[in-house]
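Residues 1 to 332 (my numbering) are what the sequence shown spells out, left to right. Below you'll find the structure, written out as structure tokens, and then a few comments.
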Amino acid sequence: MSSRKPTVLDVAKLAQVGASTVSRCLRGGPYVSEDVRQRIMDAVHALGYEPNEVARSLRGGRTKSIGVVFPQIANPYFSRCVQEIELEATRQGLSVILLTHQEDPERQSKQLAVLRRSRADGVILTAAPDSDMERLRHELGSMPVVALDRPLWQDADVVMLRHVEAAQLATRHLLEHGIHEIACVTASPSIYSFQERIQGYEQAMQKAGEKSTVIAAADYGALQTAVRKALTRKPKLRALFALSSMATVSAMKAIREVQADHARDVAVIGFDDVDLASLVQPAITVVVQPTDLMARESVRLLVKRISADHSLPVQRVQLEAELLLRNSCGCP
């Protein structure tokens, strides 16, 4: 039995395409149909073909790896994004280098340095709040970048939710239930996505002629305390709109603490459909982001940017949220 390793020519022969098409497909290049791409990947797997990545990177400057730099992965939203990014990256023939910055710009700088040393082909980045954008541009250099959830600068590609509209959707729903005393609940209010959601909430309240109340804190433990105090001091407060899944947990804990001392019903709308939302009673109405689609689109867009370089116009992908109705908002 021959011990010769399979080559690009062997893959091309089995897939019934040219060697250049195989090379273009494995680079994630354009102009390869889905049918042809599938035949090539089937041939790669059947033959056990492994590209010489070191030689390829020396020839073409590509390592077939991308970086993902997120705030953290303990947050259910980001852990879900990581899962979908890895699945899509694998479909694209890419490996993923996952790093976190814990919302710290200095740690973010160190993680980007790791990616430069690793010669990653590009990066999907959710930037830390208060990042110096000029410094960030310098740290990224020529590395292609796609911003996820939080935009960077005007000519940077981004995949994000329509945050303002999502918050308006939730706030209007509570108002339509005849609830007027609604507070918006968040930790880390300086984060871009939360700022946008606060804006959407305030716009909806202003349009309805109602007063806005924003309950914010530096972290989720402090947020729980702040919500409990607000519910105690403001007996007319009848609803909470939490801007993240973790803020929803803080809000629900605070409500239960208050209900132990005072018989009060408080409506709740949360963000992101995590397991907790459907398991507690009453089940929580939530704003649902198309998280899986956002993650996949960020990989696809990065692959296009790596292949097309500056010839591709700036891409801004903004996706809509939906409201998943359960019982916590007053719906039967």
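Even for Gly, the Cβ is constructed at its ideal location relative to N, Cα and C.
{"Item": "So what's Ser-95 in DSSP terms, helix, strand or just coil?", "Value": "strand"}
{"Item": "I'd like the span of the beta strand (DSSP E) that includes Leu-323, first residue to last.", "Value": "322 to 324"}
{"Item": "Might you give, ordered along the chain, the residues of its own chain that have their beta carbon closer than 6 Å to the beta carbon of Met-133, omitting 5 neighbours on each side?", "Value": "Trp-153"}
{"Item": "With Ser-65 as the anchor, note down where its beta strand (DSSP E) starts and where it stops.", "Value": "65 to 70"}
{"Item": "Give the DSSP bridge partners of Gln-233, in chain order.", "Value": "First, the residue type needs correcting, since residue 233 is Arg and not Gln in the sequence shown. DSSP, once it has assigned bridges, lists no residue as partnering Arg-233."}
{"Item": "For Glu-181 versus Ala-239, is the C-beta spacing smaller than 8 Å?", "Value": "yes"}
{"Item": "Kindly list the residues whose CB is nearer than 7 Å to the CB of Phe-194, restricted to its own chain and excluding five residues on each side of it in sequence; keep chain order.", "Value": "Thr-186, Ser-188 and Leu-243"}
{"Item": "Determine the direct distance from the alpha carbon of Gly-93 to that of Gly-200, and round the result to whole angstroms.", "Value": "39 Å"}
{"Item": "For the 8 Å Cβ check, are there 3 or more pairs between the stretch 79 to 90 and the stretch 138 to 145?", "Value": "no"}
{"Item": "Just list the residues that DSSP pairs Arg-316 with in beta bridges.", "Value": "Val-158"}
{"Item": "Just how far apart, CA to CA, sit Gln-111 and Arg-197?", "Value": "28 Å"}
{"Item": "Three-state secondary structure (DSSP) at Ala-242?", "Value": "strand"}
{"Item": "Which complete beta strand (DSSP E) runs does the stretch 107 to 167 hold, if anything under 3 residues is left out?", "Value": "122 to 125, 145 to 148 and 157 to 161"}
{"Item": "In this structure, how does DSSP classify Ile-40 when only helix, strand and coil are distinguished?", "Value": "helix"}
{"Item": "Helix, strand or coil for Cys-329, going by three-state DSSP, please let me know.", "Value": "coil"}
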